[in-house]
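Visitor: Protein chains in written order, with the working numbering: chain F, 2 to 286; chain P, 5 to 322. Note that CB positions come from ideal geometry on N, CA and C, so glycine has one too. In this text, all values refer to a predicted model and were calculated from it rather than measured experimentally.
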Amino acid sequence: MSYFFQQLVNGIMLGSVYSLVALGLTLIFGILGVAHFAHGHFYMLGAFLVFFLSVSFGVPYWAALVIAVAVFCLVGVGIEFVYRPVRDKSDINAFIVAIGMLLVIEEAVRAVWGTGNRRITNPYPQVLKFAGITLELQRLIVIGAAIVLIVLLHLFIKRTRMGSAIEAVAQDREGAALVGISVNRVSILTFSVATGLAAAAAALAAPLAFIAPDMANTLVLKAFVIIVLGGLGSIKGAILGGYLLGVMEALAIAYISPAYKDVWAFAALILILAIKPNGLFGGRD
Amino acid sequence: MTAENLRKYGVFIAALAVACFLPYIGISKFMLNVIIYAGIFSIATMSLNIIMGYTGQVSLAQGAFYGIGAYGLAILTNKAGLNFWMAMLLACLITAFVGLLIGLLAFRTKGPYFIIVTLCFNFIVYVVIKNWDWLSGGVRGQKITGPELFAGREARYYLVLGFVLLTLFIMWRISRSLEGLGFMAVRDNEPLADALGINITYTKIVAFMISCFLAGLAGCLGALHTGYLSPTSAHYLLSFNFIIYLLVGGAGTLYGPIVGTFTVYLALEFMKGIGEYRFMIFGIILILVVIYFPRGIVGGLKSLWKKVAGSRQAEEGA
Numbered sequence: 002m003s004y005f006f007q008q009l010v011n012g013i014m015l016g017s018v019y020s021l022v023a024l025g026l027t028l029i030f031g032i033l034g035v036a037h038f039a040h041g042h043f044y045m046l047g048a049f050l051v052f053f054l055s056v057s058f059g060v061p062y063w064a065a066l067v068i069a070v071a072v073f074c075l076v077g078v079g080i081e082f083v084y085r086p087v088r089d090k091s092d093i094n095a096f097i098v099a100i101g102m103l104l105v106i107e108e109a110v111r112a113v114w115g116t117g118n119r120r121i122t123n124p125y126p127q128v129l130k131f132a133g134i135t136l137e138l139q140r141l142i143v144i145g146a147a148i149v150l151i152v153l154l155h156l157f158i159k160r161t162r163m164g165s166a167i168e169a170v171a172q173d174r175e176g177a178a179l180v181g182i183s184v185n186r187v188s189i190l191t192f193s194v195a196t197g198l199a200a201a202a203a204a205l206a207a208p209l210a211f212i213a214p215d216m217a218n219t220l221v222l223k224a225f226v227i228i229v230l231g232g233l234g235s236i237k238g239a240i241l242g243g244y245l246l247g248v249m250e251a252l253a254i255a256y257i258s259p260a261y262k263d264v265w266a267f268a269a270l271i272l273i274l275a276i277k278p279n280g281l282f283g284g285r286d
Numbered sequence: 005m006t007a008e009n010l011r012k013y014g015v016f017i018a019a020l021a022v023a024c025f026l027p028y029i030g031i032s033k034f035m036l037n038v039i040i041y042a043g044i045f046s047i048a049t050m051s052l053n054i055i056m057g058y059t060g061q062v063s064l065a066q067g068a069f070y071g072i073g074a075y076g077l078a079i080l081t082n083k084a085g086l087n088f089w090m091a092m093l094l095a096c097l098i099t100a101f102v103g104l105l106i107g108l109l110a111f112r113t114k115g116p117y118f119i120i121v122t123l124c125f126n127f128i129v130y131v132v133i134k135n136w137d138w139l140s141g142g143v144r145g146q147k148i149t150g151p152e153l154f155a156g157r158e159a160r161y162y163l164v165l166g167f168v169l170l171t172l173f174i175m176w177r178i179s180r181s182l183e184g185l186g187f188m189a190v191r192d193n194e195p196l197a198d199a200l201g202i203n204i205t206y207t208k209i210v211a212f213m214i215s216c217f218l219a220g221l222a223g224c225l226g227a228l229h230t231g232y233l234s235p236t237s238a239h240y241l242l243s244f245n246f247i248i249y250l251l252v253g254g255a256g257t258l259y260g261p262i263v264g265t266f267t268v269y270l271a272l273e274f275m276k277g278i279g280e281y282r283f284m285i286f287g288i289i290l291i292l293v294v295i296y297f298p299r300g301i302v303g304g305l306k307s308l309w310k311k312v313a314g315s316r317q318a319e320e321g322a
């Protein structure tokens, strides 16, 4: 039984990362309709920035995390400008722009840091033992920090004017524009928040595993699966979907087969969409 | 022959004439190899054009169907010991049948949901091929031997050229047939097509099955030419490539897929000298093309020609 709980905790840890990445993506894809397929690559870039700061410059871990998030909020503004000409065109145009972007990022990272695996020293390697579960402190920090970030995002969207503007555009872009909300400014804000979240997720999870230029290839695919399952643009759906996928994956690795670990999620998605073509939580057309 | 016809067929006939004698005008083995691959990939891109360009459904599973065709051929000849041509036909039919099954599920969804479903399917096919060792050979891959006749590179070139022309002919017939018009009606306005009595799901599935059949054909040719199969033959990056070729060439145009495939594939091969940086440059070019030439090379040239012809007419009129 303790083995099961061990896997469950691992799954929740994984789910925390998935949720943070999927949250950003659901804001971008669901609200602005931009298929930002390079989102995972910005996660990877965030991990490398933390690596660069903490290993090459000796910046303390938490400072590196804050710097990375701040830098990536600015990077998000830049991304928005790249997408702006294709934002209102068909889905596939933005998708191709994203492919172009991720090629550039991946090769740039390879050129600077090489193709090999890198490792960020785990800032909290202490191991906790509790009711038969062993847990590195850093894993607990990932889980806790993800919850804090999700609550902060919720407060930002529900309690601030800027956040309400994002929600208004999500509900009805033309309506929002009619009452004087600048869709461009909301778009910039959305990309900024989403990219910052990806950097935060990367900075939190990076010390737990190797980082490499190709680490994000399946991550972005999973994030897309999550937001489609949760219903495009649904914040609640992205959070629940993220944790669900994380737990499902951890259990599938433990009990079924690690070789097919990625297949279950994708197969489940195809089946669920065949039954409910608009995702589990409704979602928009 | 009028000037209009000359413009229409002149380029095609000139290109065909060059293509017929290409192996004998002193190009290197490497170059011929690259051109054969470009030909094979242009069949796959044409197959994508049916479902994406004409029917308007962006499928990211084309790489999977390419792989299913390739592995189908390999398994049918190696494990079942079938005659090569029989196996090839059967492999294409199997690919179309898998397309039917996936189409029945996937076409319940639309737009971005459809894109994600097809991408997930491609990922599943890739992982299954990688891990289903006794059938596919796993990561070790498997060898494939074609008929004696096509052991030489030149012979394979003409085989591929023949199939490229055949596929082009099929595309041309489709674009002018009632079914083809049905595909385009679904692409341009689904509710209207529905109101006119076109069975939307049936139309999409027919288009998808033709598309899968041709993708499988490209996979068979790829397997024959390479002589060796590895799971990367079904990778989803292949699907991305086909989409890039199609968009650069021009989706929904007859020659777009071929022009796009040759342009992008040859350019990337020639840029190999500068190492991996070529993908960085390619990425930037890709972004610029999609932003400034959203209709691709052929689409762009067409509207340019219309502008030139239009201004000439205006001058004559004045």
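(1) From TYR259 (chain P) to TRP176 (chain P), what distance separates their C-alpha atoms?
(2) Rounded to whole angstroms, how far is the Cβ of ALA64 (chain F) from the Cβ of ILE212 (chain F), which I believe are closer than 8 angstroms?
(3) Do you know how far the Cα of ALA36 (chain F) is from the Cα of LEU66 (chain F)?
(4) I'd like to know whether the C-beta of MET275 (chain P) is nearer than 8 angstroms to at least one C-beta of chain F.
(5) Counting contacts by CB-CB distance shorter than 8 angstroms, is PHE82 (chain F) in contact with chain P?
(6) Can you say whether PHE16 (chain P) is buried or exposed, counting buried as having 16 or more other CB atoms within 10 angstroms of its CB?
(7) If the cut is a Cβ gap below 7 angstroms, which residues of chain F does CYS124 (chain P) touch?
(8) Quick check on PRO151 (chain P) - is its C-beta less than 8 angstroms from some C-beta in chain F?
(9) Tell me where the beta strand (DSSP E) around GLU137 (chain F) begins and ends.
(10) From which residue to which residue does the beta strand (DSSP E) around PHE131 (chain F) run?
(11) Go ahead and label CYS24 (chain P) buried or exposed: buried means 16 or more other beta carbons lie within 10 angstroms of its beta carbon, across all protein chains shown.
(12) According to DSSP, is GLN61 (chain P) helix, strand or coil?
(13) Do you know offhand how far SER315 (chain P)'s Cα is from THR171 (chain P)'s?
(14) In this structure, what does DSSP give as the bridge partners for LEU75 (chain F)?
(15) Look up ARG119 (chain F) in the DSSP assignment and say whether it is helix, strand or coil.
(16) To test your reading of the DSSP string, which unbroken alpha helix (DSSP H) runs of 4 or more residues are found completely within the region 40 to 110 of chain P?
(17) Going straight from the alpha carbon of GLN240 (chain P) to that of PHE69 (chain P), what length do you get?
(18) PHE118 (chain P) and VAL62 (chain P) look like a contact to me (Cβ under 8 angstroms); what is the Cβ gap, rounded to whole Å?
(19) From which residue to which residue does the alpha helix (DSSP H) around PHE297 (chain P) run?
(20) Sort F:LEU220, F:VAL248 and F:ALA203 by Cα distance to ILE121 (chain F) and report the nearest one.
(21) How is ARG285 (chain F) classed by DSSP in three states: helix, strand or coil?
(22) Along the alpha helix (DSSP H) that carries ARG88 (chain F), what are the first and last residues, could you check?
(23) Is there a Cβ from chain P that is less than 8 angstroms from the Cβ of ASP263 (chain F)?
(24) Would you say ASN94 (chain F) reaches chain P, if we count a Cβ-Cβ gap shorter than 8 angstroms as a contact?
(25) Going along chain P, which residues have a C-beta under 7 angstroms from LYS90 (chain F)?
(26) Identify, in the order they occur along the chain, each residue of the same chain with its Cβ nearer than 6 angstroms to the Cβ of ASN123 (chain F), setting aside the five sequence neighbours on each side.
(27) Counting pairs of beta carbons, one from the region 83 to 90 of chain P and one from the region 101 to 115 of chain P, are three or more of them closer than 8 angstroms?
(28) Whole angstroms is fine: what's the gap from ARG285 (chain F)'s alpha carbon to LEU274 (chain F)'s?
(29) What residue range is occupied by the uninterrupted alpha helix (DSSP H) comprising MET175 (chain P)?
(30) Give me the DSSP bridge partner(s) of TYR232 (chain P).
(31) Count the other C-beta atoms from every protein chain shown that fall within 10 angstroms of the C-beta of LYS33 (chain P), then say buried if there are 16 or more, exposed otherwise.
(32) Apply the 10 Å Cβ neighbour rule to ALA266 (chain F) and answer buried if 16 or more other Cβ atoms are within range, or exposed otherwise.
(33) Below 8 angstroms between beta carbons: does that hold for LEU290 (chain P) and GLY101 (chain F)?
(34) Below 8 angstroms, can you find three or more Cβ-Cβ pairs linking the region 169 to 179 of chain F to the region 11 to 25 of chain F?
(35) Could you check whether GLY60 (chain P) and ARG191 (chain P) sit closer than 8 angstroms to each other, using their CB atoms as the reference points?
(36) Under a CB-based cut-off of 8 angstroms, is PHE101 (chain P) close to chain F?
Guide: Looking at the atomic coordinates:
(1) For this step, residue 259 (chain P) is matched to residue 255 along the second sequence. For this step, residue 176 (chain P) is matched to residue 172 along the second sequence. Going from the Cα of TYR259 (chain P) to the Cα of TRP176 (chain P) covers about 10 angstroms.
(2) On the first sequence, residue 64 (chain F) is found 63 positions in, with the first residue counted as 1. On the first sequence, residue 212 (chain F) is found 211 positions in, with the first residue counted as 1. Between ILE212 (chain F) and ALA64 (chain F) the Cβ distance is about 19 angstroms, and since that is not below 8 angstroms, they are no contact.
(3) Here the question's residue 66 (chain F) lines up with position 65 in the first sequence. Here the question's residue 36 (chain F) lines up with position 35 in the first sequence. Taking the straight line joining both Cα atoms gives about 27 angstroms.
(4) Numbered from 1 along the second sequence, position 271 holds the residue referred to as residue 275 (chain P). Not closer than 8 angstroms to any Cβ of chain F, the Cβ of MET275 (chain P) fails to qualify, so no.
(5) By one-based count along the first sequence, residue 82 (chain F) stands at place 81. Taking Cβ atoms only, chain P never reaches closer than 8 angstroms to PHE82 (chain F), which makes this a no.
(6) As a first step, residue 16 (chain P) must be located in the second sequence, where it is residue number 12. Exposed, since its Cβ has fewer than 16 Cβ neighbours within 10 Å.
(7) Sequence index remark: in the second sequence, residue 124 (chain P) carries index 120 (1-based). What CYS124 (chain P) touches in chain F: VAL226, PHE267, LEU270 and ILE271.
(8) For the purposes of this step, residue 151 (chain P) is taken as the residue at position 147 of the second sequence. It does not; no Cβ of chain F falls within 8 angstroms.
(9) Taking the first residue of the first sequence as position 1, residue 137 (chain F) is located at position 136. 134 to 137 is the extent of the beta strand (DSSP E) around GLU137 (chain F).
(10) Reading the first sequence from its first residue, position 130 is the one you call residue 131 (chain F). Unbroken beta strand (DSSP E) run through PHE131 (chain F): 128 to 131.
(11) Your numbering for residue 24 (chain P) matches position 20 in the second sequence. Counting Cβ neighbours within 10 Å, CYS24 (chain P) comes out exposed, since fewer than 16 surround it.
(12) Walking along the second sequence from the start, residue 61 (chain P) turns up at place 57. Three-state result, GLN61 (chain P): coil.
(13) Taking the first residue of the second sequence as 1, we reach residue 315 (chain P) at position 311. Taking the first residue of the second sequence as 1, we reach residue 171 (chain P) at position 167. Their backbone Cα atoms lie some 36 angstroms apart in a straight line.
(14) Here residue 75 (chain F) is taken as the residue at index 74 of the first sequence, counted from 1. The partner list for LEU75 (chain F) (beta bridge, DSSP) is empty, contrary to what the question assumes.
(15) Position 118 of the first sequence, counted from the first residue, corresponds to residue 119 (chain F). Correct three-state label for ARG119 (chain F): strand.
(16) 66 to 82 and 88 to 110
(17) Here residue 240 (chain P) refers to the residue found at position 236 of the second sequence. Here residue 69 (chain P) refers to the residue found at position 65 of the second sequence. Residue 240 (chain P) is actually Tyr in this sequence, not Gln. Roughly 10 angstroms separates the two Cα atoms.
(18) If you number the second sequence from 1, residue 118 (chain P) lands on position 114. If you number the second sequence from 1, residue 62 (chain P) lands on position 58. Their Cβ separation, rounded to whole angstroms, is 7 angstroms, which keeps PHE118 (chain P) and VAL62 (chain P) in contact under 8 angstroms.
(19) Looking up residue 297 (chain P) in the second sequence gives position 293. For PHE297 (chain P), there is no enclosing alpha helix (DSSP H), as DSSP marks it with neither H nor E.
(20) Taking the first sequence and counting its residues from 1, one reaches residue 121 (chain F) at position 120. Checked all of F:LEU220, F:VAL248 and F:ALA203; the closest Cα to ILE121 (chain F) is F:ALA203.
(21) For the purposes of this step, residue 285 (chain F) is taken as residue 284 along the first sequence, with counting starting at 1. Low local confidence applies: a pLDDT of 47 at ARG285 (chain F) is under 50, so the model's placement there is unreliable, with the coordinate-based value given in what follows. Coil.
(22) Sequence index remark: in the first sequence, residue 88 (chain F) carries index 87 (1-based). Run containing ARG88 (chain F): none; DSSP gives neither H nor E here.
(23) Here residue 263 (chain F) corresponds to residue number 262 of the first sequence, with the count starting at 1. It does; some Cβ of chain P falls within 8 angstroms.
(24) On the first sequence, position 93 is the one that residue 94 (chain F) refers to. Judged by the 8 angstroms Cβ criterion, ASN94 (chain F) is in contact with chain P.
(25) Here residue 90 (chain F) corresponds to residue number 89 of the first sequence, with the count starting at 1. Simply PRO298.
(26) Position 122 of the first sequence, counted from the first residue, corresponds to residue 123 (chain F). So the list reads GLN139 and PRO208, once near-sequence residues are dropped.
(27) With contact defined as three or more Cβ pairs closer than 8 angstroms, the region 83 to 90 of chain P and the region 101 to 115 of chain P are not in contact.
(28) For this step, residue 285 (chain F) is matched to residue 284 along the first sequence. For this step, residue 274 (chain F) is matched to residue 273 along the first sequence. At ARG285 (chain F), the pLDDT of 47 sits below 50, so the modelled position is not reliable and the matter cannot be decided from this model.
(29) Counting from one through the second sequence, the residue named residue 175 (chain P) turns up at place 171. Counting along the chain, the alpha helix (DSSP H) containing MET175 (chain P) begins and ends at 157 to 180.
(30) One-based indexing of the second sequence puts residue 232 (chain P) at position 228. In the DSSP output, where bridge partners are listed per residue, TYR232 (chain P) has P:LYS147.
(31) One-based indexing of the second sequence puts residue 33 (chain P) at position 29. That one is exposed.
(32) For the purposes of this step, residue 266 (chain F) is taken as the residue at position 265 of the first sequence. ALA266 (chain F) is buried by the Cβ-count criterion.
(33) Counted from its first residue, the second sequence places residue 290 (chain P) at position 286. Counted from its first residue, the first sequence places residue 101 (chain F) at position 100. At the C-beta level, LEU290 (chain P) and GLY101 (chain F) come within 8 angstroms of one another.
(34) Touching, no.
(35) Your numbering for residue 191 (chain P) matches position 187 in the second sequence. Your numbering for residue 60 (chain P) matches position 56 in the second sequence. Cβ atoms of ARG191 (chain P) and GLY60 (chain P): closer than 8 angstroms.
(36) Taking the first residue of the second sequence as position 1, residue 101 (chain P) is located at position 97. False, the Cβ-Cβ gap to chain F never drops below 8 angstroms.
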